[in-house]
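What follows is a short report on a single structure.
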């Protein structure tokens, strides 16, 4: 038993004795006196410990091992090369700080495309030697992580927002479907 565990047990035992003593004082005191009120107060000091005792009992309950995960969730790393599903017009929002108003550098960007309250994983690529300015619309090809699920929600003309991390960074509209989303 560690020092902390010993101290916790000692505190529980002391407060239990105080509560029993308070019960005895309350039982023998005359109703309406200060002595009876003090006995009630001593009994109430036990209440915070009850939660700790319940938590300790729950911790002693045997736990089952979680079931093994049979299927790994899909990711873009498993898909391989970029294969666009749609052409979209994205207008990147200006940041709150002017010092962060820099063009998007070339490379792959992963995001969630949000329609209403639904989000769909997608990615796009800014070609080498190109940069996207904020505030100006740009036509970009998008690839969905699960095209069969996202396809019905993204017909031509669908309007969406682009979410990266916890910020909406762009607004978009589907211009053209590149291939069947099935």
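Residue numbers (the numbering used here): 4 to 185. Just so you know, even glycine gets a beta-carbon here, dropped at the ideal spot from N, CA and C. No experiment lies behind these values; they were computed from the predicted model shown.
For residue i, collect the residues of the same chain with a Cβ closer than 8 Å to its Cβ; drop the 5 residues on either side in sequence, then sort them by chain order.
i: residue 110; result: 128, 129
i: residue 185; result: Confidence in residue 185 is poor, its pLDDT being 49 and thus under 50, which makes the residue's placement unreliable; the coordinate value appears in the next sentence. Cβ neighbours of residue 185 beyond the five flanking positions: 150, 151, 154.
i: residue 138; result: 94, 95, 96, 97
i: residue 52; result: 14, 15, 18, 19
Leaving out five residues on either side along the sequence, give the residues of the same chain with a beta carbon under 7 Å from the beta carbon of residue i.
i: residue 172; result: 95, 96, 165
i: residue 135; result: 95, 106, 107, 129, 141
i: residue 145; result: 87, 88, 89, 91, 125, 127
i: residue 6; result: none
Three-state secondary structure (DSSP) at residue i?
i: residue 86; result: coil
i: residue 171; result: strand
i: residue 25; result: helix
i: residue 78; result: coil
i: residue 58; result: helix
i: residue 122; result: strand
Since I believe residue j is in contact with residue i (beta carbons under 8 Å), could you give me their beta-carbon distance rounded to a whole number of angstroms?
i: residue 41; j: residue 28; result: 7 Å
i: residue 148; j: residue 124; result: 4 Å
i: residue 66; j: residue 118; result: Not really, about 40 Å apart at Cβ, beyond 8 Å.
Compare the C-alpha of residue i against each of the options and name the closest.
i: residue 121; options: 78, 181, 162; result: 162
i: residue 89; options: 6, 16, 99, 158; result: 158
i: residue 168; options: 114, 132, 178, 181; result: 114
With a threshold of 6 Å on Cβ separation, who are the neighbours of residue i within its own chain once the five nearest residues in sequence on each side are excluded?
i: residue 93; result: 141, 143, 173, 175
i: residue 63; result: none
i: residue 25; result: 42, 45, 46
*Taking one C-beta from the region 46-65 and one from the region 13-21 each time, how about it: are there three or more such pairs within less than 8 Å?*
yes
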